[in-house]
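This report refers to the structure that appears directly beneath it.
Number of protein chains: 2
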Amino acid sequence: MINIKITIKDVAKRAGVSISTVSRVINDSKPVSDEAKQRVLDAIKETGYRPNQLARGLVLRKSNIIGMIIPDIANPYYAAIVEGAEEIANMYGYTLLLCNTHGELDKEIEYLNLMADKQADGLVFMTGKLKSEHVDWFKNAEIKTCFINLYSRELDIPMVSIDNYNAVTEAINYLISNGHVKIGMLYAPDVDDLLQEERLRAYKEALKNHGHEFDEDVVSECRFSIESGYVKTKELLNNKKVDALLLTNDVAAIGAMKAATEMGYRVPEDISIMGFDDISFSAYYQPSLTSINQPTYDMGAVATRMVIKQIAGEQVEKMILLPHKLVERESTVKMSNNI
Amino acid sequence: MINIKITIKDVAKRAGVSISTVSRVINDSKPVSDEAKQRVLDAIKETGYRPNQLARGLVLRKSNIIGMIIPDIANPYYAAIVEGAEEIANMYGYTLLLCNTHGELDKEIEYLNLMADKQADGLVFMTGKLKSEHVDWFKNAEIKTCFINLYSRELDIPMVSIDNYNAVTEAINYLISNGHVKIGMLYAPDVDDLLQEERLRAYKEALKNHGHEFDEDVVSECRFSIESGYVKTKELLNNKKVDALLLTNDVAAIGAMKAATEMGYRVPEDISIMGFDDISFSAYYQPSLTSINQPTYDMGAVATRMVIKQIAGEQVEKMILLPHKLVERESTVKMSNNI
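These protein sequence lines are chains A and B, in that order. When you number the first sequence by full-length UniProt numbering, it's gap-free, plus one each residue, and the end is 339. When you number the second sequence by full-length UniProt numbering, it's gap-free, plus one each residue, and the end is 339.
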C-alpha cells in the first residue's frame, strides 16, 4: 500500500533524525550509524512512506525499469516473447514497461524518447525493419539495449533471433519431401533486411537444390495479420495453383487456411499449409497448423538477460541465434500419389 | 532524434540568456520577453536539446503518461481494448505505458506503485476481481483512474463495461430459441463479483423463464485460456451430455470446439458452442464462432477518455455500460428436429 501524502519529513520526525539522515539511508549514500539506520527503517515501515522514485531517479540514475518496445501486442507471437522478458526482468528486480507501436516510426521514436526521459535502465527493442531514424537514435542514446530479430552493422547493439535461413530451408525441404512440387510462399515485407534476404534466399536455394523452378507468381508479400493472410492467399490461389503454401507467420497462416477452405480446397488433402512462429492458437486450430516453432519465451528471456548483463557492465555476445524446430501437425500431408 | 549529452547550459549559452530563462520558457512558469523566448526556442531546436522529463515531472507534476494495467496481453480481448486506449491517449497527447500482470496481486501492486512513483497522470486498471489490497491502494492514491469490468461500492472510481446480465440473457435465449434444452455454461471464476453474479443469475433466470431446469452439473468454472476451455469442456462432456455450451470468453470457446471435435462431436450438428468477447480469431476459426461481441475498442477508448476528463478536472459518469451484440456464425445451429 502506498500513502503518497506521507513525506520524508514525517519519517524524519518519527525516527527523531534529520531529513538528510533519512535521505542517506534511502539512497545508501553516506554512512549512518546502525542504530539511526534502524530507527529510520522502522519509521519508514510504520508510516508507510515510499520514497519518491522519480526524485530518487535523479540522484541514483537507476530506475529499475526495462522498457520493451514491440510492434503489435495483438499478435500472440510478441505476447509470448514478452512473457519470457517479464520473467527474467522480475527475477533480477526489474519492472518491464510495454510500449506498443504498431510499427509506426513516430510512435517508436516517441517511446524511445520516453524511456530515455524516464531513465529506463535498459531496453528490449523490436520493430519490423531498422530505419535510419532508429540508427541515429541509438547512436546518440546511452541506454543498454538488446534487439530481437533486428541486425545493424552500424550499431554495437546485441541481437537475439533464430537462424532464419536454416528454418526456411527446413520448412521447404519438409514440404518437398512430402511430395510437393509447386510451393508458394507468403512472406512479410516489412522485416529486417537480413532476415528477409535469408528467408527468400533459403526458399529459392531449397527449390533449386531439388531441381524445382522458382516461380515469382507464387511468392508474395503478406503482413503479420489474419486478414492479410486471408486476402493474399485468395489472390495467390485465384492466380495460380499451388500444392503447398508456406507463410512466414502463423496468424497469416490461419487466415490462409480459412481462405483456402472457403475457396473449396481441403486442407491438407488439396493443399498443405504451413506457418512460422508456432503461436498457441496454432495447435488448436482445425486443422492444427504445421509450423516452425520459434523459441519465443527464450528469445524474450535471453534478450532481457543481455540487457541486464550490460547494465551490470558485463560483456555480452553480439548475436545469439536460438534453436527453432519444425512442428508437424494436421495442416500438411504427404502426397503419396504425387511422387 | 535525441541527444542526451546536451544540457540546459548549452541551450542558455547559445541563446545568450541565463539558465533560469531557459527553464522559464520550458516550464512556461514565469513571463519571458517574446524576443528571449524565440532565442531560447531556436537554441533548443538547433542543439537538439530535450528537457529532462524526469526533472520536469518534479516541477510540473505532469508526466503525460497514462498507465494501463491489464491481466494478460496474450489474450486478444485485452489487446483489442488496449488499441482503443492507445488511440485516445495519443489523440490527447498522452503516451500509454502497458503493464502486464497475469492477474497476480503482487505484480499489480508493484505496477500501481511504479505508476504512482513515475507520476503517471492517469490509469486504466483491469484485473479479474478487486481485492481488499486493491481497494486499500486506490483509497490512498490520488491518481486519476478508470476501471474496466470492475465495480467497487467503496471507491469513487468510474468504470466501463457492458451489461453482462443482458448479454448472457440474450445468449441463452438465442440458444433456447434454436431448440436447445440442455445448455451448459463454462464461466470464468476470477472475475468481478458483480459481473459474475450477473452472468450466473442471467443464465439461471433465462432457463427458468423458458421452463428449463437448472442443472449444476453442466455449469463449471473455466479460466481465460484455450487450454482451460479445452480441459474443462472434456470434463463436462465426459460427465454429462449437453446440446449447447456457452463459454464466457472466446479463447476458452476455441479450446472447447477443439475438445468437442476430438471427442467425436460435430460442431454445430451435435453440439452448438458459443463464445463471449468476439475476438478477431473467432471469425476465422473453423467453424467460425458465434459470440457476444464486446465493443473492446470502445471500452478502451471510453475508459481512457474518462481518465483524461478527470485529469482536466471534469466531472465523469460513475458507470458507463456500452452496447454489446450477438454475432451469429457457424458454431451454433437451429435444432429443427428437437423442438
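For glycine and all other residues, C-beta sits at the position ideal for the given N, C-alpha and C. The structure presented is a predicted model; accordingly, all values stated were derived computationally and were not measured.
For residue i, count neighbouring Cβ atoms within 10 angstroms of its own Cβ and tell me buried if that reaches 16, exposed if not.
{"i": "E108(A)", "result": "buried"}
{"i": "K144(A)", "result": "buried"}
{"i": "L194(B)", "result": "buried"}
{"i": "H210(A)", "result": "exposed"}
{"i": "G190(B)", "result": "Before going further, note that residue 190(B) is Asp rather than Gly in the sequence given. The residue is exposed, with fewer than 16 neighbouring Cβ atoms inside 10 Å."}
{"i": "Q315(A)", "result": "exposed"}
{"i": "M263(A)", "result": "exposed"}
{"i": "H102(A)", "result": "exposed"}
{"i": "I226(A)", "result": "buried"}
{"i": "K118(B)", "result": "buried"}
{"i": "L63(B)", "result": "This sequence places Ser at residue 63(B); Leu is not what is there. Label assigned to S63(B): buried."}
{"i": "F125(B)", "result": "buried"}
{"i": "G57(B)", "result": "Reliability fails at G57(B), whose pLDDT of 48 lies under 50, so the model's placement of it is uncertain and the value that follows must be treated cautiously. Classification for G57(B): buried."}
{"i": "K232(A)", "result": "buried"}
{"i": "D42(A)", "result": "exposed"}
{"i": "P31(B)", "result": "exposed"}
{"i": "S23(A)", "result": "buried"}
{"i": "L105(B)", "result": "exposed"}
{"i": "I19(B)", "result": "exposed"}
{"i": "S228(B)", "result": "buried"}
{"i": "R153(B)", "result": "exposed"}
{"i": "A15(B)", "result": "buried"}
Is residue i helix, strand or coil when you go by DSSP?
{"i": "F224(B)", "result": "coil"}
{"i": "I183(B)", "result": "strand"}
{"i": "residue 343(A)", "result": "No information on residue 343(A) is available, as it lies outside the stretch 1 to 339 that chain A covers here."}
{"i": "K232(B)", "result": "helix"}
{"i": "D270(A)", "result": "coil"}
{"i": "A120(A)", "result": "coil"}
{"i": "S291(A)", "result": "strand"}
{"i": "T145(A)", "result": "strand"}
{"i": "A244(A)", "result": "strand"}
{"i": "G300(A)", "result": "helix"}
{"i": "K139(A)", "result": "helix"}
{"i": "A283(B)", "result": "helix"}
{"i": "G57(B)", "result": "Low per-residue confidence applies at G57(B): pLDDT is 48, beneath 50, and the placement is therefore not dependable, though the value from the model is reported in the following sentence. Helix."}
{"i": "L155(B)", "result": "coil"}
{"i": "I6(B)", "result": "coil"}
{"i": "Q315(B)", "result": "coil"}
{"i": "K62(B)", "result": "coil"}
{"i": "E213(A)", "result": "coil"}
Write down the C-beta distance between residue i and residue j rounded to the nearest angstrom, noting that I regard them as a contact closer than 8 Å.
{"i": "K240(A)", "j": "D217(A)", "result": "5 Å"}
{"i": "L322(B)", "j": "P295(B)", "result": "5 Å"}
{"i": "K234(A)", "j": "A253(A)", "result": "So it is not a contact: roughly 14 Å between Cβ atoms."}
{"i": "E198(B)", "j": "N238(B)", "result": "Their Cβ separation, rounded to whole angstroms, is 29 Å, which puts E198(B) and N238(B) out of contact at 8 Å."}
{"i": "V168(B)", "j": "A116(B)", "result": "Actually they are not in contact, since the Cβ atoms of V168(B) and A116(B) sit about 36 Å apart, beyond 8 Å."}
{"i": "A256(A)", "j": "I273(A)", "result": "5 Å"}
{"i": "S336(B)", "j": "P287(B)", "result": "In fact, because the Cβ distance is near 18 Å, the residues do not count as touching under 8 Å."}
{"i": "L98(B)", "j": "L98(A)", "result": "4 Å"}
{"i": "Y92(A)", "j": "I308(A)", "result": "5 Å"}
{"i": "T290(B)", "j": "R329(B)", "result": "5 Å"}
{"i": "K334(A)", "j": "N178(A)", "result": "5 Å"}
{"i": "P158(B)", "j": "M319(B)", "result": "7 Å"}
{"i": "F281(B)", "j": "P71(B)", "result": "In fact, because the Cβ distance is near 18 Å, the residues do not count as touching under 8 Å."}
{"i": "I148(B)", "j": "A303(B)", "result": "5 Å"}
{"i": "D215(A)", "j": "K129(A)", "result": "About 26 Å separates the two Cβ atoms, so there is no contact after all."}
Strictly by DSSP, which residues pair up with residue i?
{"i": "S336(B)", "result": "None, per the DSSP bridge assignment."}
{"i": "F276(A)", "result": "I292(A)"}
{"i": "I320(B)", "result": "V160(B)"}
{"i": "A36(A)", "result": "Looking at the DSSP assignment, A36(A) forms no beta bridge with any residue, so it has no partner."}
{"i": "M68(B)", "result": "L98(B), V124(B)"}
{"i": "V307(B)", "result": "Bridge partners of V307(B): none, in fact."}
{"i": "V327(B)", "result": "S291(B)"}
{"i": "V219(A)", "result": "M185(A)"}
Practice item. Could you name the residues of the segment 76-101 of chain A whose beta carbon sits closer than 9 Å to any beta carbon of chain B, in the order they occur along the chain? Key: P76, Y78, A79, A80, V82, E83, E86, N90, T95, L96, L97, L98, C99, N100
Check your understanding: For the segment 248-268 of chain B, which residues have a CB atom closer than 8 Å to at least one CB atom of chain A, in sequence order?
Key -> I254, G255, M257, K258, T261
Exercise for review: Using a Cβ-Cβ cut-off of less than 9 Å, give me the residues of the segment 103-116 of chain B that come near chain A, in sequence order.
Suggested key: K107, I109, E110, Y111, L112, N113, L114, A116
Point to revise | Residues in the segment 286-308 of chain A having any Cβ partner in chain B nearer than 9 Å | key: Q286, P287, S288
Review point. What residues in the segment 205-228 of chain B bring their beta carbon closer than 7 Å to a beta carbon of chain A?
Key: I226
**Study point:** Under 7 Å (Cβ pairs) to chain B, residues found in the segment 269-282 of chain A
**Key:** S280, F281
**Study point:** Residues of the segment 29-45 of chain A with Cβ closer than 8 Å to any Cβ of chain B, in chain order
**Key:** none
Review point. Taking Cβ-Cβ distances below 8 Å as the criterion, which residues of the segment 118-140 of chain B are in contact with chain A?
Key: K118, Q119, E133, D136, W137, N140
Practice item. Give the residues from the segment 163-185 of chain A that approach chain B closer than 7 Å (Cβ to any Cβ), ordered along the chain. Key: none
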